[in-house]
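Numbering (mature numbering (1 follows the signal peptide of the UniProt record, and there is no 0)), first residue to last: -23 to -1, 1 to 368.
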């Protein structure tokens, strides 16, 4: 049963006694009817204890409230792995500032969709003065101008963190912003005959961080503007993290490179460099820089290969922070033969996980058919028995 927060009214306050947070416009008529009959309920999903320590989400009348820019990321971030890591990674960063035991998660409600679109475009004094990407650079052709000043900013993701106040209402306790930055800028140029030519230019990490910090300062200033909710966000902590995307064809996601906090009433200070990255297994890079896990994975892969009489292309992605592995995700694609085989392979994989991986980090296995359908999952958390689920 959902945990109902006593005394919550429709006017969920940003700060005690400050501006209300209202649901999106398309829900206003329904909410108004509910107000006539009684106060609508605001709840949080029940807490489930997991090693990942996920936030409980806020529900409005039992419904999950989607962000203002829902689905926008699919149009601007071309690698789905990047988009997933940006969103989940941002919640991991939030845990450093907002304890999941005391704060509740809600998708961003304050940067509106059309506003976000204008922010992501190039700056133009006349046509788009809110653009956060730089104007075109110098050059005789459009290609040269694009390459001279590539777009660094790809996407902006907003998360809200709510906290229960003394009066029993949910107040906005913090905002976390993820700035997703291009490592490779892809663009196209149209010629006089209407034909398109596609190009790309790489951005150095130094340039990504420089542009990211500049944009971060401007985003915080805009959120704290007196014109936005009458300056209600001035006393709200705002966290900004810079995420470096991988090239479009990459099989591993990008990583966060820096983060900073703007404390209530202040600006972003004390940028912290973040040592995060992913390795692909098997790969020469993993063999050289993550030898221990590479050896463990190779032995596990050999175990799985011996289980079959045909070649199986087992691959994995390892997430690292400060040069220490945090999680290993393994995929085993097989030619589907039947549920009995899936069950047997899942059981065998679980037993081999316990033998091969004892490094105190989470290991998950996804067994998929050639069509991409997930047939079963096996999860091994530190100091626990493996969990198996066959679909």
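All C-beta atoms, glycine included, are put in the ideal place defined by N, C-alpha and C.
A quick note: this is a predicted structure, and the numbers were derived from the prediction, not measured.
Asked	Found
As assigned by DSSP and simplified to three states, the class of residue 44	coil
Heavy atom of the ligand ATP within 6 Å of residue 264 beta-carbon	The ligand ATP is not part of this structure, which contains no ligands at all.
Status (buried if at least 16 other CB within 10 Å, exposed otherwise) for residue 363	buried
Contact between the region 37 to 51 and the region 113 to 126 (3+ Cβ pairs under 8 Å)	no
Where residue 54 falls: helix, strand or coil (DSSP)	coil
Test item: CB-CB of residue 81 and residue 33 under 7 Å	yes
Segment contact, 8 Å Cβ cut-off, at least three pairs: the region 105 to 125 with the region 142 to 150	no
Cα-Cα separation, residue 370 to residue 280	Nothing about residue 370 can be read from this structure; the chain reaches only from -23 to 368.
Pick from 184, 114, 108, 84 that is closest to residue 151, judged by C-alpha positions	84
Own chain residues within Cβ distance below 7 Å of residue 348, not counting five before or after	none
Residue nearest to residue 248 in terms of C-alpha spacing, selected from 191, 53, 165	191
Simplified DSSP state of residue 60, which is helix, strand or coil	helix
Secondary structure of residue 339, DSSP reduced to three states	strand
Span of the beta strand (DSSP E) around residue 202	Careful: residue 202 lies outside any beta strand (DSSP E) and carries neither H nor E.
Among 160, 159, 176, the one whose alpha carbon lies nearest that of residue 166	176
Buried versus exposed, by CB contacts within 10 Å (16 or more), residue 183	exposed
Outcome for residue 278 when other beta-carbon atoms lying within 10 angstroms are tallied against a minimum of 16	buried
Euclidean distance between Cα positions of residue 149 and residue 210	9 Å
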